[in-house]
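Asker:
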Amino acid sequence: MSNELLFGLYVFVLAGFLGHHVIHRVPPLLHTPLMAGTNAISGISLVGSLVAAGAEYGTLSTILGFIAVTCATINTVGGFLITDRMLRMFKKRKDDRVARGGRS
Amino acid sequence: MITPFSYLIASVCFIIALQALSSPKHARRGNAIGAFGMLVAVVGTLILNDIITYKWIVPGLILGSLIGASMSIWIPMTKMPERIALSHAFGGLAAALVGVSEYHHLGAEISRFTTAALGLEVFLGFLTFTGSLMAFGKLQGILPGSPITYKGQNASNIALFVIALVLLVLVVLDPSRSLLFYAMGVIGFAVGILFVIPIGGADMPVVISLLNSYAGLAAAATGFALNNYVLIIAGALDGTSGLLLSLKMSQAMNRSFANVLFGAFGKVAAPAAGTGPAVGAATNYNQATVEEAVGVMEAAQSLIVVPGYGMAVSQAQHTVRELAQILEGRGAAVKYAIHPVAGRMPGHMNVLLAEANVPYDQLFDLDDINDEFARTDAVLVVGANDVVNPAAKTNPGSPIYGMPVFNVEQARAVIVLKRSFNPGFAGIENDLFGKPNTMMVLGDAKKTLREITTHLKGEG
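Same order as they appear, the protein sequences are chains Y and F. First residue of the first sequence? That's 10 in the working numbering, and the numbers climb one at a time after it. First residue of the second sequence? That's 2 in the working numbering, and the numbers climb one at a time after it.
1. Can you name, in chain order, every residue of its own chain whose Cβ lies under 7 Å from the Cβ of LEU19 (chain F), other than the five neighbours on each side?
2. Measuring CA to CA, which of F:GLY384, F:ASP432, F:LEU134 is closest to GLY398 (chain F)?
3. Using a C-beta to C-beta distance shorter than 8 Å, which residues of chain F count as neighbours of ASN48 (chain Y)?
4. What would DSSP say about MET441 (chain F), mapped onto helix, strand or coil?
5. Compare the Cα-Cα distances from LYS26 (chain F) to each of F:GLU430, F:GLU103, F:ASP362 and report the closest residue.
6. Ignore the nearest five residues each way along the sequence and tell me which others in VAL280 (chain F)'s own chain have a CB closer than 6 Å to its CB.
7. Would you give the residue range spanned by the beta strand (DSSP E) that ILE416 (chain F) belongs to?
8. For MET205 (chain F), does the count of other Cβ atoms within 10 angstroms reach 16, so buried, or fall short, so exposed?
9. Any beta carbon of chain F sitting closer than 8 Å to that of LEU15 (chain Y)?
10. List, in chain order, every chain Y residue whose beta-carbon is nearer than 8 Å to that of GLY348 (chain F).
11. Residues in the same chain with beta-carbon distance under 6 Å from GLY35 (chain F), minus the five sequence neighbours each way, listed in chain order, please.
12. Taking the straight line between their C-alpha atoms, what separation do you get for PHE162 (chain F) and ALA289 (chain F)?
13. Give a yes or no on whether the minimum CB-CB distance between ASN12 (chain Y) and chain F is below 8 Å.
14. The beta strand (DSSP E) spanning LEU364 (chain F) covers which residue range?
15. Taking CB distances under 8 Å as the criterion, tell me whether THR68 (chain Y) reaches chain F.
16. For PRO405 (chain F) and chain Y, any beta-carbon pair shorter than 8 Å?
17. Could you tell me whether the Cβ of PRO360 (chain F) comes closer than 8 Å to any Cβ of chain Y?
18. Thinking C-alpha only, which one of F:ARG376, F:SER247, F:GLU356, F:LYS394 is nearest LYS100 (chain Y)?
19. Grouping DSSP H, G and I as helix and E and B as strand, with all else coil, what is SER51 (chain Y)?
20. Nearest-angstrom Cα distance between PRO272 (chain F) and ASN351 (chain F)?
21. Excluding sequence positions up to five away, which residues of its chain have a Cβ less than 8 Å from the Cβ of ASN48 (chain Y)?
22. Whole angstroms is fine: what's the gap from LEU43 (chain Y)'s alpha carbon to ALA412 (chain F)'s?
23. Whose C-beta lies closer than 6 Å to the C-beta of ALA216 (chain F) among residues of the same chain, with five residues either side of it excluded?
24. Look at the alpha carbon of ILE32 (chain Y) and the alpha carbon of GLY296 (chain F), and state the distance between them as a whole number of angstroms.
25. Could you name the residues that DSSP lists as bridge partners for TYR337 (chain F)?
26. Quick check: is the beta carbon of GLU373 (chain F) nearer than 8 Å to any beta carbon in chain Y?
27. Taking the alpha-carbon positions, what's the LEU27 (chain Y) to LEU246 (chain F) distance?
28. Whose C-alpha, out of F:HIS105, F:VAL207, F:TYR151, is nearest the C-alpha of LEU180 (chain F)?
29. In whole angstroms, what separates the C-alpha of LEU232 (chain F) from that of VAL41 (chain F)?
30. Can you name the residues that DSSP bridges to ALA379 (chain F)?
31. Ordered along the chain, which non-local residues of its own chain (more than five positions away) have a Cβ less than 7 Å from that of LYS336 (chain F)?
32. Taking the alpha-carbon of LEU96 (chain Y) as reference, which of F:ALA21, F:THR395, F:LYS80, F:HIS319 has the nearest alpha-carbon?
33. Need the endpoints of the alpha helix (DSSP H) that LYS373 (chain F) sits in, please.
34. Does DSSP put GLN154 (chain F) in a helix, a strand or coil?
35. Compare the beta carbon distance of VAL192 (chain F) and ALA136 (chain F) with 8 Å and say whether it is the shorter of the two.
36. Please look up how many angstroms separate the CB atoms of ILE91 (chain Y) and ALA45 (chain Y), rounded, as I've assumed it's under 8 Å.
Here's what the structure looks like:
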């Protein structure tokens with residue numbers, strides 16, 4: 010087994026444990042933003058797409074890379090924006106009245 | 002040197018972003034940090050020497066940003082499950098296409114290990130792509146929400162899985178067998194479709210979480226193939242998050258993972274419920290008018306609202322909030338009881354109520370509020386069904402027996418807003434509707450709530 014692979018597996022397993030710890034503490038209140046947020050983060054496959062689209066490996070690679078860049082960008086940009094939009098809505102009772110600006 | 006360092010920064014930012022989600026107070030800032038990390042990683046990649054031309058990159062980035070932004074800014078909150086399903090589809094497709102491109106480009110020089118990683122990436126990527134599109138179709142109503150089943154379904158699905166696995170092994174043994182590699186991708190495509198069509202709409206929270214997990218694992222596989230640690234870390238985080246959520250959702254329904262995936266719930270459940278003892282209760286339903294419901298609410302000093310998917314369908318969250326405000330103005334204490342699987346995705350109800358400006362300290366989990374029903378004057382059930390069905394506690398013959406549900410029947414009075422007497426999504430009779438302290442107000446939830454608030458305003 011190559012060192013690179015072994016190293017990658019270490020990183021994967023440790024990140025998985027870390028993820029378990031961190032995600033476990035997310036309250037059900039924020040489960041939808043969690044899904045949207047992890048989705049934005051998994052858009053990191055964008056970095057792989059960028060290389061495929063820009064390295065001039067050949068026409069097929071470039072076309073696939075272009076589509077992949079587009080899809081991954083939709084996820085990252087859209088994912089972070091919609092997570093922010095959702096999180097902006099969660100307010101405590103106190104700041105509630107201020108935020109509503111006296112409406113109704 | 003700069004590029005790997007930018008990936009390290011990105012990894013740290015992603016972990017901080019997820020950590021911040023443990024409380025709504027700092028979550029927004031965490032999300033911004035996550036976005037910053039992504040920007041750093043992208044810039045760090047763009048300066049790589051491998052990248053010769055930006056001719057295709059720049060249009061892709063612009064097009065993706067435009068689509069992503071418009072999908073996020075204008076989409077109504079009630080459509081959030083559909084939105085999330087679509088983004089899983091994009092994530093899966095991106096991973097799969099990168100995998101195909103990489104395999105095609107590497108050609109003969111490919112190592113066995115890289116082949117294995119690319120194979121998994123392409124298989125999981127296409128599976129996530131089609132599976133998420135199916136989930137989207139079901140949520141959107143393009144496809145029937147009820148399970149689509151046929152004879153030998155589970156056996157043939159498992160057979161497909163095994164074939165894909167065999168193909169993967171064959172390709173790894175001889176990476177030049179490109180036809181087999183692409184065949185595996187096609188099977189991933191098919192498996193995504195076939196695995197999701199037998200799953201009913203009410204089980205969507207589990208499926209969406211699981212697809213979230215697959216999208217993450219596909220990204221992690223990309224990381225192994227490209228030897229890129231930020232991809233491995235982000236993929237592992239996303240993978241565990243999705244897995245953990247889907248396990249939590251299954252638990253909240255008291256069903257095993259396997260049962261959700263292979264049980265075709267709803268289809269098999271309907272005839273089983275028909276033979277149960279609950280049948281015939283329909284004649285005892287206590288139908289009430291809006292005026293009677295208003296009378297109960299006027300007298301109530303405490304009210305608990307139990308929202309369900311029906312609230313999302315009729316977009317009643319703002320009207321619910323308005324009603325709660327009126328009652329609070331009269332001195333009543335109002336709380337909201339949120340079941341983990343209410344709606345079509347984890348946390349669906351919380352987001353809708355937050356959108357309607359309900360403060361989050363009024364939203365309570367199953368365990369935190371279930372003892373309070375016995376001390377509560379009135380419960381308002383808005384478009385929820387299975388999560389308030391006492392049969393889950395009392396009737397071993399019920400398909401949802403054992404599922405943790407709200408003890409709404411212990412409250413002094415229960416007002417149920419429902420479109421019709423038809424059983425809910427899973428086709429299960431609800432014993433609650435026949436209880437003497439239950440009042441059924443039929444009609445569109447939003448319209449009924451409007452009438453109630455008008456009455457309360459007029460008399461108050």
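We treat Cβ as the ideally placed atom computed from N, Cα and C, and that holds for glycine. All values derive from a computational prediction rather than experimental measurement.
Answerer: By the coordinates alone:
1. LEU238
2. F:ASP432
3. Listed by position along chain F, the residues whose Cβ is nearer than 8 Å to that of ASN48 (chain Y) are ILE85, SER88, HIS89, GLY92, ASN213, ALA216, ASP239.
4. strand
5. F:ASP362
6. Low local confidence applies: a pLDDT of 42 at VAL280 (chain F) is under 50, so the model's placement there is unreliable, and no value is given.
7. 414–419
8. buried
9. no
10. Those within 8 Å of GLY348 (chain F) in chain Y are PRO37, LEU38, LEU39, HIS40, THR41, PRO42, LEU43, MET44.
11. CYS14, PHE15, ALA18
12. CA-to-CA, the gap between PHE162 (chain F) and ALA289 (chain F) works out to about 52 Å.
13. No, because no Cβ of chain F sits closer than 8 Å to the Cβ of ASN12 (chain Y).
14. 364–366
15. Chain F places no beta carbon closer than 8 Å to that of THR68 (chain Y), leaving this residue out of the contacts.
16. no
17. yes
18. The option with the nearest alpha carbon to LYS100 (chain Y) is F:GLU356.
19. helix
20. Low per-residue confidence applies at PRO272 (chain F): pLDDT is 38, beneath 50, and the placement is therefore not dependable, though the value from the model is reported in the following sentence. Using only the alpha carbons, I get a separation of about 33 Å.
21. ASN84, GLY88
22. 33 Å
23. HIS89, GLY92, GLY93, THR129
24. 44 Å
25. F:VAL306, F:LEU364
26. It does not; no Cβ of chain Y falls within 8 Å.
27. 15 Å
28. F:HIS105
29. 14 Å
30. F:LEU304, F:ALA414
31. ILE305, GLN363, PHE365, ILE370
32. F:ALA21
33. Reading off the sequence shown, one finds Glu at residue 373 (chain F), where the question assumed Lys. Run containing GLU373 (chain F): none; DSSP gives neither H nor E here.
34. Taken through DSSP and simplified to helix, strand or coil, GLN154 (chain F) comes out as helix.
35. no
36. 5 Å
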